[in-house]
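Following this note's numbering from start to finish, the first sequence increments by one per residue and tops out at 423. Step one of this worksheet: look at the structure below.
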Amino acid sequence: MLDIKFIRENSDLIKTACENKRVDVDIDGLLKLDAKRKIFLQEIDKLRKTRNEIAEQIKMDFSKKDELIEKGKNIKEEILKIEKESEEIEKEFNKLMYLIPNIPLSDVKIGRGEEDNEILRHEGIISQFDFKPQSYVELAEKLDLIDTKRAAKISGSRFGYLKNEAALLEFALLQFVSQNLIKENFIPIIPPVMIKRQPMAAMGYLIRGEEEIYYLPKDELYLVGTSEQSIGPMHCDEIFEEKNLPKRYLGFSSCFRREAGSYGKDTKGILRVHQFDKLEMFSFCRPEDSEKEHQFLLSMEEKLIQLLEIPYRVIKMCTGDLGDSAAKKFDLEAWLPGQNEFREITSTSNCTDFQARRLNIRYRNKNNQSNFVHTLNGTAFAIGRIIIAILENYQQADGSIKIPNALRPYMNNKEFIEAKKH
RNA sequence: GGAGAGAUGGCUGAGUGGUUGAAAGCGACGGUCUCGAACACCGUUAUUCGAUUUAUCGAAUCGUGGGUUCAAAUCCCACUCUCUCCGCCA
2 MLDIKFIREN SDLIKTACEN KRVDVDIDGL LKLDAKRKIF LQEIDKLRKT RNEIAEQIKM
62 DFSKKDELIE KGKNIKEEIL KIEKESEEIE KEFNKLMYLI PNIPLSDVKI GRGEEDNEIL
122 RHEGIISQFD FKPQSYVELA EKLDLIDTKR AAKISGSRFG YLKNEAALLE FALLQFVSQN
182 LIKENFIPII PPVMIKRQPM AAMGYLIRGE EEIYYLPKDE LYLVGTSEQS IGPMHCDEIF
242 EEKNLPKRYL GFSSCFRREA GSYGKDTKGI LRVHQFDKLE MFSFCRPEDS EKEHQFLLSM
302 EEKLIQLLEI PYRVIKMCTG DLGDSAAKKF DLEAWLPGQN EFREITSTSN CTDFQARRLN
362 IRYRNKNNQS NFVHTLNGTA FAIGRIIIAI LENYQQADGS IKIPNALRPY MNNKEFIEAK
422 KH
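Structure (structure tokens):
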């Protein structure tokens, strides 16, 4: 949500931003509604003022009581009438307000979509194999690590069982990430994965993309697609002390996505599944610190992937690929030798005050003034995809998998995942 | 699932129809004192919206949404959430 005052004064800027984000919102229509709304508001305020005055007079002077009560009744009728009229306008106005996306920061490239994203840099050395690297799907099947066939029996397509070392890898990754991030003042947290409509809407996920979200109608609860949706609203209607910022959380949760509209894409394996586990960073900070904090989250993502020695590249998303809430966003894409391509493994967004405004999360500065915080999120590890990257990058000629050095302490110091004896 | 209690400002907590936007305390901020700090004392301290000559003025907000009333934190209804007891349960 943006500030209506800002929209009034910068309508051209907003229009351009919407265009750049490839979102169609009727800004002129909104401004017209806003003007109408203001007239109604003033009218109602005026009537309420007279109502309050009448009430005051009755209190002071009982002699004219009957006459004044009659007057008060008339005012009441009038207020009711105008309130009814303005209701529709107010509704439409709020609807439009919710449709306006966050404005991209000035250094974000204007572009239509994925094809216009900038590749900022490559990191890590892409291993050369003296054999044809296999896809993680083949590797996992031979090593009995992932079972999607049985998952299909139980849950349908796009589900998987992580077994044996794959399951142990998840436990290890969990330890590995928390050990590294708790040092940086992240508060570890395991959030609810079922949330109510209001927080889901406030985080900006129901406007476009409701299709993507699982909903439990009987209980009117939504399954989170990322723990961000559950962590962000934690502090809604709260005011932080400035000294407590930035407030950083490291959340771990299962994530649920319907993957509607991705039929036929990545149908094999667990690259794109309806349910996966994810470690997510979330940060509340002062507006003046959010750029720095964003770089910090990105640096944490890079640090973790570097420690695993997996080659990757950093992508800066263009305006058309930002999503509603983000003002700026970076993705990390890991190199997957088995697929012979880079695939997204993390994503970090600076949502500036867009979410904070809807969630009403503020902080109080030294001058006792309160102001909206900025919110940022970043994937620490999407576990399934990291496991994929490990399997493909650490595969050996004999079909076994070397365990990354950094993870061995959490894997009983084992060096390899060996083929199972049948 | 059954029974009961409750939700008030940054926090604790008073307030059962009319100068109550709301006592008091705590916290925070400013000042006096001090070499400096603590203590003590004095003062300031909610948010949103609208108008504006930028001094101010008006409206709304006491969990949420309705209702009663000339007038609602206060009365009525519904909902949400929290707590206690019982039942059930990993």
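Backbone N, C-alpha and C define an ideal beta-carbon position, used for all residues, glycine too.
Distance, residue j Cα to residue i Cα
{"i": "glutamate 242", "j": "arginine 363", "result": "9 Å"}
{"i": "glutamine 199", "j": "glutamine 230", "result": "11 Å"}
{"i": "aspartate 331", "j": "leucine 42", "result": "First, the residue type needs correcting, since residue 331 is phenylalanine and not aspartate in the sequence shown. Straight-line Cα distance between these residues: approximately 42 Å."}
{"i": "isoleucine 402", "j": "lysine 317", "result": "32 Å"}
{"i": "proline 105", "j": "asparagine 413", "result": "46 Å"}
{"i": "serine 158", "j": "arginine 259", "result": "11 Å"}
{"i": "threonine 347", "j": "aspartate 46", "result": "50 Å"}
{"i": "glutamate 213", "j": "leucine 48", "result": "46 Å"}
{"i": "valine 194", "j": "arginine 344", "result": "26 Å"}
{"i": "asparagine 181", "j": "glutamate 89", "result": "52 Å"}
{"i": "isoleucine 418", "j": "threonine 227", "result": "30 Å"}
{"i": "lysine 415", "j": "glutamine 370", "result": "55 Å"}
{"i": "threonine 51", "j": "aspartate 238", "result": "33 Å"}
{"i": "leucine 34", "j": "methionine 98", "result": "11 Å"}
{"i": "glutamate 342", "j": "glycine 324", "result": "24 Å"}
{"i": "lysine 143", "j": "serine 12", "result": "59 Å"}
{"i": "asparagine 351", "j": "methionine 282", "result": "12 Å"}
{"i": "tyrosine 264", "j": "valine 274", "result": "12 Å"}
{"i": "serine 107", "j": "lysine 92", "result": "32 Å"}
{"i": "aspartate 145", "j": "asparagine 406", "result": "22 Å"}
{"i": "lysine 421", "j": "isoleucine 404", "result": "16 Å"}
{"i": "serine 64", "j": "glutamate 79", "result": "25 Å"}
{"i": "alanine 357", "j": "lysine 150", "result": "43 Å"}
{"i": "lysine 266", "j": "lysine 37", "result": "47 Å"}
{"i": "serine 255", "j": "isoleucine 40", "result": "48 Å"}
{"i": "isoleucine 183", "j": "alanine 328", "result": "27 Å"}
{"i": "proline 338", "j": "glycine 400", "result": "14 Å"}
{"i": "tyrosine 62", "j": "aspartate 27", "result": "The sequence shown places aspartate at residue 62, not tyrosine. So the two alpha carbons sit approximately 52 Å from each other."}
{"i": "histidine 295", "j": "valine 374", "result": "14 Å"}
{"i": "isoleucine 188", "j": "leucine 81", "result": "49 Å"}
{"i": "methionine 235", "j": "glycine 205", "result": "15 Å"}
{"i": "serine 87", "j": "glutamate 68", "result": "29 Å"}
Whole-angstrom C-beta distance between residue j and residue i, which should lie under 8 Å
{"i": "serine 326", "j": "asparagine 103", "result": "6 Å"}
{"i": "alanine 141", "j": "isoleucine 147", "result": "4 Å"}
{"i": "glutamate 310", "j": "leucine 333", "result": "So it is not a contact: roughly 14 Å between Cβ atoms."}
{"i": "aspartate 25", "j": "glutamate 171", "result": "Not confirmed; about 41 Å, so no contact."}
{"i": "arginine 314", "j": "arginine 122", "result": "7 Å"}
{"i": "leucine 308", "j": "alanine 381", "result": "Going by Cβ atoms, the distance from leucine 308 to alanine 381 rounds to 12 Å, so no, they are not a contact pair."}
{"i": "isoleucine 155", "j": "leucine 272", "result": "That belief does not hold up - the Cβ atoms of isoleucine 155 and leucine 272 are roughly 20 Å apart, past 8 Å."}
{"i": "isoleucine 191", "j": "phenylalanine 253", "result": "6 Å"}
{"i": "tyrosine 411", "j": "phenylalanine 177", "result": "6 Å"}
{"i": "alanine 335", "j": "isoleucine 306", "result": "7 Å"}
{"i": "isoleucine 101", "j": "cysteine 19", "result": "7 Å"}
{"i": "threonine 320", "j": "lysine 16", "result": "With 8 Å as the limit, threonine 320 and lysine 16 do not qualify as a contact, their Cβ atoms being about 13 Å apart."}
{"i": "glycine 452", "j": "proline 312", "result": "Because the chain spans 2 through 423 in this model, residue 452 falls outside it and cannot be assessed."}
{"i": "glutamate 116", "j": "isoleucine 83", "result": "About 51 Å; that fails the 8 Å criterion."}
{"i": "isoleucine 59", "j": "lysine 66", "result": "6 Å"}
{"i": "leucine 251", "j": "serine 300", "result": "The Cβ separation is near 15 Å, so there is no contact."}
Per DSSP, cross-strand counterpart(s) of residue i
{"i": "glutamate 416", "result": "DSSP lists no partner for glutamate 416."}
{"i": "arginine 9", "result": "Its beta-bridge partners do not exist; DSSP assigns none."}
{"i": "valine 315", "result": "Arg122 and Leu333"}
{"i": "arginine 249", "result": "Phe187 and Ser284"}
{"i": "isoleucine 306", "result": "Looking at the DSSP assignment, isoleucine 306 forms no beta bridge with any residue, so it has no partner."}
{"i": "threonine 349", "result": "Phe331 and Gly379"}
{"i": "cysteine 256", "result": "Phe277"}
{"i": "cysteine 241", "result": "Looking at the sequence shown, residue 241 is not cysteine but phenylalanine. The partner list for phenylalanine 241 (beta bridge, DSSP) reads Tyr364."}
{"i": "phenylalanine 343", "result": "Trp336"}
{"i": "tyrosine 216", "result": "Tyr223"}
Checklist entry - Counting only runs that start and end within the region 363-411, where is the beta strand (DSSP E) found for 3 or more residues in a row? => result 363-365, 371-373 and 375-383
Checklist entry - How about the region 381-395 and the region 350-362: do they share at least three Cβ pairs that are nearer than 8 Å? => result no
Checklist entry - Going along the chain, which unbroken runs of the alpha helix (DSSP H) with 4 or more residues stay wholly within the region 124-201? => result 137-143, 149-156 and 165-183
Item to check | Length at least 3, wholly inside the region 31-83: the beta strand (DSSP E) runs in chain order | outcome: none
Next on the checklist: Check whether the region 391-407 and the region 125-137 touch, using three or more Cβ-Cβ pairs below 8 Å as the test.
Outcome noted: yes
Checklist entry - Counting pairs of beta carbons, one from the region 284-304 and one from the region 233-248, are three or more of them closer than 8 Å? => result Touching, yes.
Next on the checklist: Within 8 Å, do at least three Cβ pairs link the region 207-222 to the region 169-187?
Outcome noted: no
Checklist entry - Is the number of C-beta pairs between the region 185-200 and the region 213-224 that are closer than 8 Å three or more? => result yes
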